[in-house]
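Same order as they appear, the protein sequences are chains H and L.
Numbering of the first sequence is given in my numbering, commencing with residue 1 and proceeding in unit increments.
Numbering of the second sequence is given in my numbering, commencing with residue 1001 and proceeding in unit increments.
Heads up, the thing below is written out as structure tokens.
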Amino acid sequence: MRLAHDALLVAGKDLRIELRSRVALQQILPFGAIVLVLFAFALDPDRGVLPRVAPGLFWTAVLLAALLSVNRAFALEEANAARDGLRLTGLDGAAVFLGKAAAVAVQLVVLEVVLGVGIVVLYDVSIRGVGLIVCAAVAATAGLAATGTVYGVLASGLRARETLVPLLVLPAVAPVMIGGTRAFEAALDGAPADGWPWVQLLTAFAVLAVVAGTLAFGPLLEEDA
Amino acid sequence: MVVTLRSAVCLLGRFPALAGADLEIDRGEVVLLAGPNGAGKTTLLRLCAGLLPLHSGRAVVLGHDLARDRRAPRRSLSLMGHETFCYDDLTVAENLRFSARAAGKDRAAADRALELVGLVGLAGVVHGRLSQGQRRRLALAVALARDPELLLLDEPHAGLDADGRAVVDEMVRMAASEGRTVVLASHELDLARALATREVEVVGGIVRPVAPAGLARPVEVAP
Chain H
1 MRLAHDALLV AGKDLRIELR SRVALQQILP FGAIVLVLFA FALDPDRGVL
51 PRVAPGLFWT AVLLAALLSV NRAFALEEAN AARDGLRLTG LDGAAVFLGK
101 AAAVAVQLVV LEVVLGVGIV VLYDVSIRGV GLIVCAAVAA TAGLAATGTV
151 YGVLASGLRA RETLVPLLVL PAVAPVMIGG TRAFEAALDG APADGWPWVQ
201 LLTAFAVLAV VAGTLAFGPL LEEDA
Chain L
1001 MVVTLRSAVC LLGRFPALAG ADLEIDRGEV VLLAGPNGAG KTTLLRLCAG
1051 LLPLHSGRAV VLGHDLARDR RAPRRSLSLM GHETFCYDDL TVAENLRFSA
1101 RAAGKDRAAA DRALELVGLV GLAGVVHGRL SQGQRRRLAL AVALARDPEL
1151 LLLDEPHAGL DADGRAVVDE MVRMAASEGR TVVLASHELD LARALATREV
1201 EVVGGIVRPV APAGLARPVE VAP
């Protein structure tokens, strides 16, 4: 009960900061949209390639934008030694992890909805298999947010944080990229049975990432940069 | 004892910022840490707050052995440091409520702290727009909102005008009268000595006692 209360407290704090600073709205969302538009230009909509590669491009755009969200989640702890303040609260490391990961996940969900609409409009994709798409997106988002949060705290406080986070996160979330893409492809191809095993993989990855993060985040937060 | 240090060593990199410090602080004491810049005062406070690791020796704060778990005493102490530990995009009230709720206190504790430091009129202003003096007051309020048993104050008078300094003095006296333990590091020795019941000097990472002259009388502790 206390864990949930504290996690909600941290998530609420992070989301309130994002709402007020509008960094997610004015920088991260447009960045994701720009990536989609650039892919559209590069692959030429007239050749009919875009609908076929849309799932992969969608998750690539989400991953790149997620890196910004993760960096942002820990950049806001740097000013005024807020990270020390967070440690001084005495909140359990697991609660801080769950709260920060939840805040990142909420931002990613909003991003995915916007990019999903962008895919339909820009790439001329017909949506099918909504249930599979939603389940895959939820599991992938949880895994992405949890993994990003763990590596985010690992790199936080370091001078090279901005460049280190992508280097650490991108290889680690390869299963999300692959599983999300395959599940979306199966849904859009009208073969959902082929997609559910990928949802299982995404779910297993998310559970592993959340458990690992819950255990590791506290000690990592205590590490003096 | 609220704080017990025995030959405590704390390294910053390879530099021994505390080089075998010995100190005992009892409940209700107001202890002044005096000493030159770089002597180890801030390190001592941060060690007691569990923000820095103990490399050797013994450190027990509020009954918790820091060598075993330096996070354990945090829920019962507050540190007012050089920084405010606040978020620029949250208002004064939001920063305070976050800190209070994290310590298991309710909104009333945050509102009371806000009133005590005279920032009620700025409750809705984001931290990033506060002046330096207002930030120092907020840092004090954040420390008070957690209702701590042990209050660690690092240069509490720095950057404050006369009114702000008076607020700090009042808060320290109030904390002491409520039976809280206060440790303050300061270069404003005249101001700090008027509050302290005991003074120690920190030099080269070692703590030395100072003859008790010109210090405040021990405060009557409320039952």
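Cβ atoms here follow ideal geometry from the backbone N, Cα and C, with glycine treated the same way.
Because the structure is a prediction, the values reported are computed rather than measured.
Grouping DSSP H, G and I as helix and E and B as strand, with all else coil, what is residue i?
i               : result
residue 1055(L) : coil
residue 1071(L) : coil
residue 1148(L) : coil
residue 1010(L) : strand
residue 1004(L) : strand
residue 1081(L) : coil
residue 1197(L) : coil
residue 1060(L) : strand
residue 108(H)  : helix
residue 1088(L) : coil
residue 124(H)  : coil
residue 132(H)  : helix
residue 955(L)  : Lying before the first or after the last residue shown, residue 955(L) is absent from chain L, which here runs from 1001 to 1223.
Output yes or no for whether 8 Å exceeds the beta carbon distance between residue i and residue j.
i               : j               : result
residue 1116(L) : residue 1141(L) : yes
residue 181(H)  : residue 93(H)   : no
residue 1151(L) : residue 1143(L) : yes
residue 1010(L) : residue 1077(L) : no
residue 1018(L) : residue 1044(L) : yes
residue 1134(L) : residue 1119(L) : yes
residue 205(H)  : residue 153(H)  : no
residue 113(H)  : residue 145(H)  : no
residue 106(H)  : residue 15(H)   : yes
residue 1224(L) : residue 1064(L) : No answer is possible for residue 1224(L): it lies beyond the span of chain L, which begins at 1001 and ends at 1223.
residue 51(H)   : residue 123(H)  : yes
residue 63(H)   : residue 164(H)  : no
residue 1123(L) : residue 1092(L) : yes
residue 1030(L) : residue 1182(L) : yes
Determine the chain L residues that contact residue i at a beta-carbon separation under 7 Å, and present them in chain order.
i             : result
residue 76(H) : 1087
Taking Cβ-Cβ distances shorter than 8 Å, what residues in chain H pair up with residue i?
i               : result
residue 1208(L) : Chain H residues near residue 1208(L): none, gap ~27 Å exceeds 8 Å.
residue 1051(L) : 84, 87, 88
residue 1149(L) : Neighbours of residue 1149(L) on chain H: none; closest Cβ ~12 Å, over 8 Å.
For residue i, go through chain L and note every residue whose CB falls closer than 8 Å to its CB, in chain order.
i             : result
residue 17(H) : 1087, 1089, 1090
residue 20(H) : 1089, 1090, 1126
Along chain H, which residues have their Cβ under 9 Å away from the Cβ of residue i?
i               : result
residue 1071(L) : 87, 90, 92, 93, 218, 222
residue 1084(L) : 80, 81, 82, 85
Taking the alpha helix (DSSP H) that residue i falls in, what are its first and last residues?
i               : result
residue 185(H)  : 174-188
residue 28(H)   : It is not in any alpha helix (DSSP H) - residue 28(H) carries neither H nor E in the DSSP assignment.
residue 192(H)  : Per DSSP, residue 192(H) belongs to no alpha helix (DSSP H) and is neither H nor E.
residue 5(H)    : 2-21
residue 63(H)   : 50-75
residue 1105(L) : Note, residue 1105(L): premise wrong, no alpha helix (DSSP H); not H, not E.
residue 1164(L) : 1162-1177
residue 203(H)  : 196-222
residue 1042(L) : 1041-1048
residue 44(H)   : Run containing residue 44(H): none; DSSP gives neither H nor E here.
residue 82(H)   : 82-88
Report the neighbours of residue i on chain H: residues whose CB is nearer than 7 Å to its CB, in chain order.
i               : result
residue 1067(L) : The contacting residues do not exist; residue 1067(L) stays about 14 Å from chain H at best.
residue 1198(L) : Those within 7 Å of residue 1198(L) in chain H number zero; the least Cβ separation is about 25 Å.
residue 1075(L) : 90
residue 1155(L) : Those within 7 Å of residue 1155(L) in chain H number zero; the least Cβ separation is about 14 Å.
residue 1079(L) : 88
Quick one, which of the options has its alpha-carbon nearest residue i's?
i               : options                            : result
residue 111(H)  : 214(H), 24(H), 54(H), 207(H)       : 24(H)
residue 1084(L) : 1073(L), 1096(L), 1075(L)          : 1096(L)
residue 1192(L) : 1209(L), 1204(L), 1207(L), 1166(L) : 1166(L)
residue 76(H)   : 167(H), 178(H), 10(H), 170(H)      : 10(H)
residue 1155(L) : 1091(L), 1036(L), 1090(L)          : 1036(L)
residue 98(H)   : 5(H), 193(H), 198(H), 194(H)       : 5(H)
residue 1224(L) : 1186(L), 1170(L), 1173(L), 1209(L) : This structure cannot speak to residue 1224(L), because chain L is shown only from 1001 to 1223.
residue 1089(L) : 168(H), 19(H), 148(H), 192(H)      : 19(H)
residue 157(H)  : 36(H), 71(H), 202(H)               : 71(H)
residue 1066(L) : 1048(L), 1127(L), 1189(L)          : 1048(L)
residue 83(H)   : 69(H), 67(H), 100(H)               : 100(H)
residue 200(H)  : 172(H), 130(H), 176(H)             : 176(H)
residue 210(H)  : 162(H), 159(H), 147(H)             : 147(H)
residue 1102(L) : 86(H), 117(H), 116(H), 134(H)      : 86(H)
Provide the residue span of the beta strand (DSSP E) that contains residue i, from first to last.
i               : result
residue 1020(L) : 1015-1025
residue 1206(L) : 1206-1209
residue 1030(L) : 1030-1034
residue 1184(L) : 1181-1185
Going along chain L in order, which residues have a C-beta closer than 9 Å to the C-beta of residue i?
i              : result
residue 9(H)   : 1098, 1101, 1102
residue 239(H) : In the structure displayed, chain H extends from 1 to 225; residue 239(H) sits before or after that span and is not available.
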